[in-house]
Amino acid sequence: MNRPPLTGRAGMRLLLAALALLLPPAVLGESASSAPSRAKSLRTLLAAPAVPSRGPPAGGVPPRTHGLDRSPAAGFSELHVKRWQLKARSSRLVSLEPGCGRLSNRLASFSDGTRACLRYGINPDQVLGETLSFYLSRLLGIRNVPALALSRVNTNAEQWLGVRRDVQDSQWADKPIVSLSEWISNLSEVVTPPSLRTEGRTLYPSLEDLDGVTDREMVQWSDLILFDYVTANFDRLASNLLNLQWDPRVMERSTNNLHRTAKGALVFIDNEAGLVHGYRVLPMWDRYHESLLKTICIFRKETARKIAELHKSQNVAQQLLDLYRVNEPLASQMGFLSEEHAQMLQNRTDRLYEHILQCKAKYSK
């Protein structure tokens, strides 16, 4: 996850994010929607809802009831997360090196050889978004986001003594709160499956042709789309959709902020665009999130169950806050969602529940 300075497509994404803060959403939205359609891809979903290219086989029995796949969540277990957080909060840092995306971030090494991506937000909302996105993933039972812990930079504290010079050279603000997310080694890049980028395609329970993608992998893609939708994270698949107007083959290359472990688990990294910043610029990006959502009618059973529970309770923000406070000692200092953004979180959770019900009605017997 150590990446070079932002150039090319990554630089374009950063520029687009900056423009989203400076230009009215309608200006950028008009540009995105007016581009001519040339290649057969997800770009066609921007103009009309996706429909399946063919219906379920006549008389066939769907292999997954109502599109619910019972595969266990891939990724990082609760025990793994707890152990890593304890280590990240108590181990001494021995070096801070350039890496992990933005120039202000660092690849941190602990005394036992463990490494972490240290994220210093140009705006505190970026660290908050990264942190709350992690805890929301745990609340949803989606385990593909690496373990994360907050830390306040203090070169007089034992944990930070060994990197005092590195901190001084970083030109950070005085004693900022930073996020430490687990560094995962031996990751490979990931390309969006053809079944998720074919014109007019919706994946539904009885669809047999998944282009060689296993059920286990497909429900991870489903979890990713649901996760990015509810957090409004534009810096992954949504940015690829926007970039289609300049780069017709963008969906055929590796997906930004997404990797795969040797065991086949997808890893959702760099989630700082989620929730806070993502909600702020949502008018520009929501059409892309909606387009992606309409490509899936296959869900992991536990994800669908949790979304139904959060819809019924109508208190997803409160549950997220409770989980955050219990597990993060710096939660009160870091802050939380505004009332407006808390309501947006509930609204987007409700939209996911509605979509799952629509899929159930459309494809179940």
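Those letters in the sequence shown? Residues -29 to -1, 1 to 336, per mature numbering (1 follows the signal peptide of the UniProt record, and there is no 0), in order.
A virtual CB, placed ideally from N, CA and C, is assigned to each residue, including glycine.
Bear in mind the structure is a predicted one, so any value in this text is a computation, not a measurement.
Pull up the distance between the alpha-carbon of residue i and that of residue j, whole angstroms please.
i, j, result
"Arg60", "Ala120", "7 angstroms"
"Lys146", "Ala233", "37 angstroms"
"Ala275", "Ser66", "42 angstroms"
"Ser108", "Asn127", "33 angstroms"
"Pro176", "Glu261", "With a pLDDT of only 49 at Pro176, under the threshold of 50, the placement of this residue in the model should not be trusted; the figure read from the coordinates follows. So the two alpha carbons sit approximately 20 angstroms from each other."
"Thr185", "Ser156", "24 angstroms"
"Lys283", "Gln317", "11 angstroms"
"Gln289", "Ala332", "30 angstroms"
"Leu253", "Tyr200", "10 angstroms"
"Lys265", "Arg136", "50 angstroms"
"Ile93", "Met305", "15 angstroms"
"Pro95", "Thr202", "17 angstroms"
"Leu89", "Tyr334", "44 angstroms"
"Arg54", "Pro165", "37 angstroms"
"Gln329", "Gln285", "20 angstroms"
"Pro219", "Asp257", "21 angstroms"
"Glu311", "Leu50", "34 angstroms"
"Ser303", "Ser141", "26 angstroms"
Keeping to the same chain, check which residues put their C-beta closer than 8 angstroms to that of residue i; ignore five residues upstream and five downstream.
i, result
"Ile278", "Leu111, Leu197, Thr320, Leu323, Tyr324, Ile327"
"residue 338", "Since the first residue of the chain shown is -29 and the last is 336, residue 338 is not available in this structure."
"Leu158", "Met(-29), His230, Arg231, Thr232, Val238"
"Leu301", "Leu121, Ser122, Arg123, Ile148"
Indicate whether residue i and residue j have their beta-carbon atoms separated by less than 8 angstroms.
i, j, result
"Gly249", "Asn204", "yes"
"Leu246", "Phe239", "no"
"Gln56", "Ala118", "yes"
"Asn76", "Tyr91", "yes"
"Phe270", "Leu292", "no"
"Glu273", "Gly235", "no"
"Thr85", "Ser62", "yes"
"Gly70", "Asp241", "no"
Tell me which same chain residues have a C-beta within less than 6 angstroms of the C-beta of residue i, skipping the five on either side of it?
i, result
"Asn214", "Val221"
"Glu243", "Gln97, Gly100, Glu101"
"Ser227", "Strictly speaking, residue 227 in this sequence is Asn, with Ser absent from that position. Result list for Asn227: Arg207, in chain order."
"Phe105", "Val116, Leu119"
"residue 345", "With the chain running from -29 to 336 in the structure shown, residue 345 is simply not present."
"Leu103", "Leu246"
"Glu68", "Leu78"
"Gly30", "Caution applies to Gly30, whose pLDDT of 32 falls short of 50 and renders its modelled position unreliable; the model cannot decide the point."
"Ala45", "Gln191, Ala236"
Leaving aside the five residues before and after residue i along the sequence, list all residues of the same chain whose C-beta is less than 7 angstroms from its C-beta, in chain order.
i, result
"Glu1", "Here the model assigns Glu1 a pLDDT of 35, short of 50, so the residue's position is not dependable and the matter cannot be decided."
"Ala87", "Ala59, Ala79, Leu151, Ser152, Glu153, Trp154"
"Val124", "Trp131, Val138, Trp143, Lys146, Pro147, Val149"
"Ala313", "Ala288"
"Ser309", "none"
"Phe47", "Arg114, Pro117, Ala118"
"Met315", "Tyr250"
Tell me, to the nearest whole angstrom, how far the beta carbon of residue i is from that of residue j; I am working on the premise that it is less than 8 angstroms.
i, j, result
"Glu160", "Ser225", "4 angstroms"
"residue 370", "Glu223", "The requested residue 370 is not part of the displayed model; the chain covers only -29 to 336."
"residue 337", "Tyr259", "The requested residue 337 is not part of the displayed model; the chain covers only -29 to 336."
"Leu281", "Ala209", "Not quite, the Cβ-Cβ distance comes to about 22 angstroms (not below 8 angstroms), so this is no contact."
Opposite residue i in the DSSP bridges: which residues?
i, result
"His230", "Glu160, Val238"
"Val149", "Ser122"
"Phe81", "Leu64"
"Cys88", "Leu78, Ser152"
"Ser225", "Val162"
"Pro69", "Arg77"
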